[in-house]
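These notes concern the structure reproduced below.
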Amino acid sequence: MRLSWKRAAASGWLALVVTVSGAGATHAVPVANPADDRTFVSTTATGGSETTLRVVLDANSNGSPLKLTHAERDRIAAIVGGAAPGRGHAGDAPAGARQPAGAAGKKRGPATLRCDRNPSWSDANGTLSARFNCKYSTINWGYKISARVKSFITGNVKERGVSWWNNGKRKPNNAGHVVGKHYHFHGTLKPVKHADHVQFQDYMTFRVNVGGRTGTGSITWASDVRAKK
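Per the numbering used here, the sequence shown starts with residue 3, numbered consecutively.
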């Protein structure tokens with residue numbers, strides 16, 4: 003099952019298609035204009051979630067394209083966790099595309115979320131936890147940004163608020179927040195019953211300083227689960 007983000011320039015959402023897939027898969031996406039060194043992207047999939055970290059460095063004050071040395075690009079890419087701009091490998095997604103994690107491997111269905119168990123899925127960008135509270139017909143979720151990403155966030159985090167679907171039907175968003183980077187993001191999805199197929203996703207933005215360069219970062223995470231007693 004795929005979760006799709008539709009392009010909405012005013013809101014800052016990414017155009018992204020996510021397939022929840024095998025653990026540990028990471029795909030670096032080349033930028034649309036390799037001559038401009040501003041954008042660094044990486045996507046990581048774990049058993050029950052997938053996240054994309056995107057960092058866009060500030061342009062030069064006169065509006066000209068940012069030019070980094072190869073060493074600086076590689077250093078920033080190492081901090082962000084993605085490939086340096088213009089250094090995609092053969093078989094990478096076309097410029098501007100988002101390659102589904104696990105595209106070369108076997109696709110898998112939703113992760114099973116058992117009643118009153120508390121699984122969590124961690125990657126280099128953060129940790130997502132979720133619980134099916136079958137007694138109250140809810141899913142409780144939480145998300146913490148990783149220490150690595152927090153190390154280059156320089157201001158508050160603006161969270162859009164979780165969007166979610168139950169058996170393919172869109173449900174009202176959770177409330178958004180503007181909070182510090184150490185905040186434990188959390189919320190409740192309801193009602194959710196046994197055997198429901200639930201998909202949920204969030205998007206958050208923040209200012210960054212990566213290797214001495216300022217810019218704007220974002221994390222998009224998504225999860226695809228089936229609630230079971």
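We put the CB at the ideal spot given by N, CA and C, even for glycine. Please read these numbers as outputs of a predicted model, since none were measured by experiment.
Indicate the three-state DSSP secondary structure (helix, strand or coil) for residue i in the structure shown.
i: His72; result: helix
i: Ala79; result: helix
i: Thr41; result: strand
i: Pro96; result: With a pLDDT of 31 at Pro96, under the threshold of 50, the modelled position of this residue cannot be trusted, and the question is left open.
i: Thr46; result: strand
i: Asn168; result: strand
i: Ser225; result: strand
Among all the DSSP beta bridges, which residues are the ones paired with residue i?
i: Arg209; result: Thr218
i: Lys230; result: Arg116
Just checking my contact of residue i with residue j at CB under 8 Å: how many whole Å lie between their CB atoms?
i: Val212; j: Val82; result: 6 Å
i: Ile221; j: Leu55; result: 6 Å
i: Arg116; j: Lys230; result: 5 Å
i: Gly182; j: Asn158; result: 6 Å
i: Lys160; j: Trp167; result: That belief does not hold up - the Cβ atoms of Lys160 and Trp167 are roughly 23 Å apart, past 8 Å.
i: Thr156; j: Arg209; result: 5 Å
i: Asn175; j: Thr53; result: About 19 Å; that fails the 8 Å criterion.
i: Thr2; j: Lys192; result: Past the edges of the chain, shown from 3 to 231, lies residue 2, and the structure says nothing about it.
Starting from residue i, trace the beta strand (DSSP E) both ways and give me its first and last residue.
i: His179; result: His179 to Val181
i: Lys173; result: Lys171 to Lys173
i: Gly56; result: Gly is not the amino acid found at residue 56; the sequence shown has Arg there. Ser51 to Leu59 is the span of the beta strand (DSSP E), which, as asked, contains Arg56.
i: His196; result: His196 -> no beta strand (DSSP E), and no H or E assigned at all.
i: His188; result: Phe187 to Leu191
Taking only runs of the alpha helix (DSSP H) that begin and end inside the segment 102–163, which ones reach a length of at least 4 residues, in chain order?
149–152
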